[in-house]
Amino acid sequence: MVRVSVEYTGDLHCEATHDPSQSHIETDAPADNKGKGQTFSPTDLVATALGTCISTTMGIKAEELGVDLRGMSVSVQKEMSKDAPRRIVALPSEVHIPLPVDSPYRETLEQTALNCPVHKSLPVEIQRPTKFFWEG
1 MVRVSVEYTG
11 DLHCEATHDP
21 SQSHIETDAP
31 ADNKGKGQTF
41 SPTDLVATAL
51 GTCISTTMGI
61 KAEELGVDLR
71 GMSVSVQKEM
81 SKDAPRRIVA
91 LPSEVHIPLP
101 VDSPYRETLE
111 QTALNCPVHK
121 SLPVEIQRPT
131 KFFWEG
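Written out as structure tokens, the structure reads:
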């Protein structure tokens, strides 16, 4: 179990501390919701969590397989609802993998991405289409 401590620092900003490492991140309300958009919003961190989880779990699997994924990139676009309540409705992702399309690890790595813990933790109401681009 990991604890994250959050302090509201005012002006719609928060500072979060990852207790085990003492590393910090800051959030701001988005510009379209009374904030200044100076850094990640809380919902941006959900998109960030999905992208980094896809990358990390694929990296773990690649290491087990003896495959080098350095240079892989993931982009996630966050789409918010247009109606109330304000919420994330979609997190489409693109995964660019520096391996050839005929890689024998293609199916394994794609399934690893689609089954990452964040992917599996999101409610089914959030659409999360994922496109893979094999570019080796």
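Going letter by letter, the sequence shown gives residues 1 to 136 in this note's numbering.
Here a beta-carbon is modelled for each residue, glycine too, at the ideal position from N, C-alpha and C.
Predicted, not measured: the structure shown is a model, and the values here were computed from it.
Residues bridged to residue i (per DSSP)
{"i": "residue 14", "result": "8, 27"}
{"i": "residue 54", "result": "Looking at the DSSP assignment, residue 54 forms no beta bridge with any residue, so it has no partner."}
{"i": "residue 88", "result": "80"}
{"i": "residue 132", "result": "95"}
{"i": "residue 73", "result": "96"}
Of the residues the options, the one placed nearest residue i, counting alpha carbons only
{"i": "residue 75", "options": "100, 128, 82", "result": "128"}
{"i": "residue 118", "options": "86, 37, 103, 55", "result": "55"}
Under the three-state DSSP convention, the category residue i falls into
{"i": "residue 81", "result": "coil"}
{"i": "residue 127", "result": "strand"}
{"i": "residue 67", "result": "coil"}
{"i": "residue 101", "result": "coil"}
{"i": "residue 37", "result": "coil"}
Alpha helix (DSSP H) segment containing residue i, residue limits
{"i": "residue 121", "result": "117-121"}
{"i": "residue 160", "result": "Any question about residue 160 goes unanswered here, given that the chain covers just 1 to 136."}
- Query: Quick check: the segment 5-17 against the segment 68-88, are there 3 or more CB pairs under 8 Å?
  - Reply: no
- Hey, is the segment 88-101 in contact with the segment 11-21, meaning 3+ C-beta pairs nearer than 8 Å? no
- Query: Is the segment 109-124 touching the segment 53-69 in the sense that three or more CB pairs, one from each, lie closer than 8 Å?
  - Reply: Verdict: yes, contact present.
- Query: If we count Cβ pairs, one from each stretch, closer than 8 Å, do we get three or more for the segment 35-48 versus the segment 60-78?
  - Reply: A contact exists between the segment 35-48 and the segment 60-78.
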